[in-house]
Amino acid sequence: MAEADGRPVEADGRPVLEITGLTMSYAPPVPALDGVGLCCGAGECVAVLGANGSGKSTLLRCAARLREPTAGTVRLRGEDLTALRGARLRERRRRIGLVLQSPALVGRRSALANVAVGALGRHRSPASQLGRWPRAEQAEAARCLHRVGMLELAHRRADTLSGGQAQRVAVARALCQRPLVLLADEPVASLDPRAAHGVMTVLRGLAHEDGLAVVVVLHQPDLALPFADRVVGMRQGRVAFDLPSARVDRSRIALLYAAERAERAGS
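Going by full-length UniProt numbering, the letters in the sequence shown line up with residues 1 to 267, in that order.
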């Protein structure tokens, strides 16, 4: 892996995920995103930090092509996803793992069965459609559960798992897609500090040890700074800063949350 300006890139000089000039409006003329750019290389964990309404979750949804941007490009290993449609778009989206705030597990199914769902994009056998997974898919799901420290609970029903355990299963499900990049949208927002720390440790390990490009949206600076290689601060739909985590000081953090604090003080 090479580096450009201190950032990991692929051998051909490109980051795994490259977002350029992304713009989107829910209710014009006020943009939710205004010319946003972001890069993430293999083996890198990038945190997107900002107050509520700053555009960070919209950015992730546009990156995953769950929402259509008004302008700009999203490139996955150099291929412009915003130009794709139909089968080719579906095929490339399978290489983007997505973890949301809610794990969205099927409660009556085991952890293993929930993780195996991540392989459906590659294997659509009649048995797997009915929830009867071939041995190869079960073995891959088990490997993914092992990677997030959940193998011993593989046969536990999902609705009996704690919040932190369920979120780890959601991460394992995303891994079962064999993604190039993992996008996590506030994955620890509903967790207690210990569980949040555990999930963030897993996400950082997937970048540093497994070589994934990981982008995680967070609201909590105390989780972003210790775990991320870089922090992208967002304010009012724009990138306020993009810096190595060691260079993000209290004044920069305060700027991101100034409007939110003022609103709370006024209420």
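In this text, a Cβ means the ideal position worked out from N, Cα and C, and glycines have one as well.
Since the model is a prediction, treat every value here as computed from it, not as a measurement.
Asked                                                                                                                        : Found
Backbone secondary structure at LEU180 - three-state DSSP                                                                    : coil
Cβ-Cβ distance between ARG235 and LEU256 below 7 Å                                                                           : yes
Cβ separation of GLU137 and ALA119, assumed to be a contact under 8 Å, to the nearest whole Å                                : 5 Å
Three or more C-beta pairs below 8 Å linking the segment 170 to 190 and the segment 95 to 111                                : yes
Beta strand (DSSP E) segment containing ALA71, residue limits                                                                : 71 to 76
Cβ neighbours of SER25 in the same chain (closer than 7 Å, five flanking residues each side left out)                        : PRO31, ALA32, THR70
Counted within 10 angstroms of its Cβ, other Cβ atoms place ASN114 as buried (16 or more) or exposed                         : buried
Reduced DSSP secondary structure (H/G/I, E/B, other) of ALA104                                                               : coil
Spatial distance of ARG181 from ASP242 (CA atoms)                                                                            : The question names Arg, but residue 181 in the sequence shown is Val. In a straight line, the C-alpha of VAL181 is about 19 Å away from that of ASP242.
Among PRO15, CYS62, THR160, the one whose alpha carbon lies nearest that of GLY35                                            : CYS62
DSSP-derived helix/strand/coil call for VAL117                                                                               : helix
Touch test, the segment 193 to 212 against the segment 34 to 54, Cβ-Cβ under 8 Å, three pairs minimum                        : yes
Residue from ARG178, GLY149, CYS40 whose Cα sits closest to the Cα of GLY164                                                 : GLY149
VAL232 beta carbon less than 7 Å from that of ALA184                                                                         : no
Three-state class that DSSP yields for PRO244 in the structure shown                                                         : strand
Where PRO221 falls, given that 16 or more other Cβ within 10 Å makes a residue buried                                        : buried
C-alpha gap between GLU91 and SER251, whole angstroms                                                                        : 42 Å
Euclidean distance between Cα positions of SER102 and PRO29                                                                  : 31 Å
Option nearest GLY107 by Cα separation, candidates GLY50, HIS155, ALA189                                                     : HIS155
Cα-Cα separation between VAL188 and LEU218, rounded to whole angstroms                                                       : 8 Å
With 16 other Cβ atoms within 10 Å as the buried cut-off, status of ARG247                                                   : exposed
Under 7 Å between C-beta atoms of GLY21 and GLY72                                                                            : yes
Whole-angstrom distance between ARG238 and ARG178, CA atom to CA atom                                                        : 31 Å
Residue from ALA196, GLY55, LEU17, ALA27 with nearest C-alpha to ASP80                                                       : LEU17
Alpha-carbon to alpha-carbon, GLY53 and THR82                                                                                : 23 Å
ARG194 burial status per 10 Å Cβ neighbour count (16 or more: buried)                                                        : exposed
Reduced DSSP secondary structure (H/G/I, E/B, other) of VAL36                                                                : strand
Beta-carbon contacts of GLY211 that lie in its chain and below 7 Å, excluding the five residues immediately before and after : ALA42, GLY43
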